[in-house]
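**Q** The sequence shown begins at 100 in the numbering used here and counts up by one. By construction, the Cβ of each residue, glycine as well, lies at the ideal position given by its N, Cα and C atoms. This one's a predicted model, so the numbers in the text were calculated from it and none came from an experiment.
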Amino acid sequence: MQPSRPPGVIPLRPLTLGELLDTAIELLRRNAVALLLAGPAVAAAEQAVLYPLRAAAAITPPGYLPHGRLGGYWLVIAAGFATEAVVIALLGGLAARAAASDLLGEHLPARRLLAPTGSRFGAVAVVALVAGLAVGVCTVVGLVPWVIGYGLVGLAVPTLVIDRYGVGRALLRSARLSVRAGMRAASVRVAGYLAWLAIRAALTLGGPFVLYELFPGQPWLPGAVVAIAVAVNGVAYPALACLDAVLHLETRMRTEGLDIWLARALRPGAAEVGADLPRVLP
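Pasting the structure below:
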């Protein structure tokens with residue numbers, strides 16, 4: 100029996116990789132006001148953090164290539180991966196609230212989605228910092244450890260916000276969910292990141308190269324490069340946060356039967372099960 104709920108963008112069934120990516124974009128589109136306000140803001144903060152690190156390592160646009168100091172260059176790369184993990188996790192708090200409401204056929208207005216009530220922002224910030232530290236350390240070791248680190252921490256914020264776990268348990272549950280079904284969730288998260296990385300690289304590297312060719316020597320070029328990065332990442336990061344939220348719910352459907360539980364909870368006359376709905380509400 101289908102659940103009695105208005106249609107949302109998140110289907111109550113396990114999804115393919117393509118469906119997960121499409122659903123994440125639909126979730127972003129439906130909550131564009133809140134997420135696309137927060138996205139560029141945190142993307143700009145990330146650029147502000149990375150700017151002095153790039154300057155110290157003599158890494159300059161448009162190519163951001165190393166100039167003889169490979170050790171310092173790799174540390175800046177690791178810092179970039181770390182700040183990305185922090186930013187995506189912070190936006191994941193908004194995306195998780197939006198996804199939980201959408202799952203029940205509801206839609207949170209932007210003002211309510213951005214409100215601190217129910218956001219658990221303090222706990223989200225702690226998880227974001229832990230995720231950033233873990234991803235940064237893994238990246239210093241190498242790209243293969245980055246894949247593992249990035250793949251395992253992505254479901255921590257959705258677990259924190261949707262499942263209402265504490266910080267430590269959310270991080271552990273994220274790792275457990277990510278390795279289920281042959282590390283499916285971790286693989287999907289990395290695949291989604293790589294897909295968006297290709298788009299981001301084309302725009303944040305291609306655009307600046309064109310500007311430097313057309314307007315060589317102009318003093319405003321470095322600022323324009325930063326603006327392009329903020330604009331592109333301001334969309335990409337919310338999309339990746341939405342993927343984490345959708346992936347968390349889909350993994351619970353695939354491995355824990357969340358879709359079956361919701362179908363029973365939301366059908367008419369299921370008050371005894373429906374009383375437990377706060378477990379999936381923001």
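Could you compute how far the alpha carbon of ALA224 sits from the alpha carbon of HIS166?
**A** Straight-line Cα distance between these residues: approximately 35 Å.
**Q** Taking only runs that begin and end inside the segment 322 to 371, name each unbroken alpha helix (DSSP H) of 4 or more residues, in chain order.
**A** Whole alpha helix (DSSP H) segments, 4+ residues: 357 to 365.
**Q** Can you look up TYR150 in the DSSP assignment and give me helix, strand or coil?
**A** TYR150: helix per DSSP, three-state reduction.
**Q** Would you mind giving the Cβ-Cβ distance between ALA137 and LEU207, rounded to the nearest angstrom? I have them listed as a contact below 8 Å.
**A** Not a contact, Cβ separation roughly 14 Å.
**Q** Under 8 Å between the Cβ atoms of THR258 and ALA269?
**A** Contact flag set, yes.
**Q** Between the Cα of ALA156 and the Cα atoms of GLY171, ALA142, VAL148 and ALA144, which residue gives the shortest distance?
**A** Cα-wise, what sits closest to ALA156 is GLY171.
**Q** On the DSSP letters alone, give me the boundaries of the alpha helix (DSSP H) that ILE109 sits inside.
**A** Note, ILE109: premise wrong, no alpha helix (DSSP H); not H, not E.
**Q** Is the separation between the beta-carbon of ALA233 and that of GLY217 shorter than 8 Å?
**A** No.
**Q** Put GLY265 into one of helix, strand or coil per three-state DSSP.
**A** In the structure shown, GLY265 sits in coil (DSSP, three-state: anything other than H, G, I, E or B).
**Q** Work out the CA separation of ALA177 and VAL239 for me, nearest whole Å.
**A** VAL239 and ALA177: Cα-Cα distance of roughly 6 Å.
**Q** Grouping DSSP H, G and I as helix and E and B as strand, with all else coil, what is GLN101?
**A** Per-residue confidence for GLN101 stands at a pLDDT of 49, beneath the threshold of 50, marking its modelled position as unreliable; the derived number appears in the next sentence. Residue state, collapsed to three classes: coil.
**Q** How would you call GLY231, buried or exposed, if buried means at least 16 neighbouring beta carbons within 10 angstroms?
**A** GLY231 should be labelled buried.
**Q** Are there three or more Cβ pairs, one per stretch, closer than 8 Å when the segment 335 to 346 is compared with the segment 103 to 123?
**A** With the cut-off at 8 Å, the segment 335 to 346 and the segment 103 to 123 touch.
**Q** Less than 8 Å between the beta carbons of GLU355 and LEU119, yes or no?
**A** No; because the gap between Cβ atoms is not below 8 Å, this pair is not in contact.
**Q** In whole angstroms, what is the alpha-carbon distance linking GLY265 and VAL278?
**A** Those two C-alpha atoms are separated by around 20 Å.
**Q** Would you kindly check if the distance between the Cβ of ALA290 and the Cβ of LEU114 is under 8 Å?
**A** Their beta carbons are not under 8 Å apart, which means LEU114 does not touch ALA290 by this criterion.
**Q** Among the residues of its own chain, which have a CB less than 7 Å from the CB of ASN130, if the five just before and after it don't count?
**A** Correct list, in chain order: ALA197 and LEU212.
**Q** Which runs of the beta strand (DSSP E) fall wholly inside the segment 188 to 248 and span at least 3 residues, in chain order?
**A** Qualifying beta strand (DSSP E) stretches: none in this window.
**Q** Are GLN146 and ALA284 touching if we call contact CB-CB under 8 Å?
**A** No, these two residues do not count as a Cβ contact at 8 Å.
**Q** Figure out for me which residue from GLY322, VAL309 and LEU203 has the closest Cα to the Cα of ALA362.
**A** Of GLY322, VAL309 and LEU203, the residue nearest in Cα terms is LEU203.
**Q** LEU164 by DSSP, collapsed to three states: which one?
**A** Three-state DSSP puts LEU164 in coil, outside helix and strand.
**Q** In chain order, what residues of the same chain lie with their CB nearer than 8 Å to the CB of PHE220, ignoring the 5 residues before and after it?
**A** GLY192, listed in sequence order.
**Q** Counting only the same chain and skipping the five closest in sequence on each side, list residues whose C-beta sits under 7 Å from that of VAL226.
**A** ALA188, ALA255, VAL256, LEU259, VAL266, ALA269 and LEU270, listed in sequence order.
**Q** What's the gap between the Cα of ILE298 and the Cα of LEU242?
**A** Between ILE298 and LEU242, the C-alpha separation is close to 20 Å.
**Q** Is it buried or exposed for TRP245, if we count other Cβ within 10 angstroms and need 16 for buried?
**A** Classification of TRP245: buried, given that the 10 Å Cβ count is 16 or more.
**Q** Whole angstroms is fine: what's the gap from CYS341's alpha carbon to PRO321's?
**A** The straight-line gap from Cα to Cα measures roughly 30 Å.
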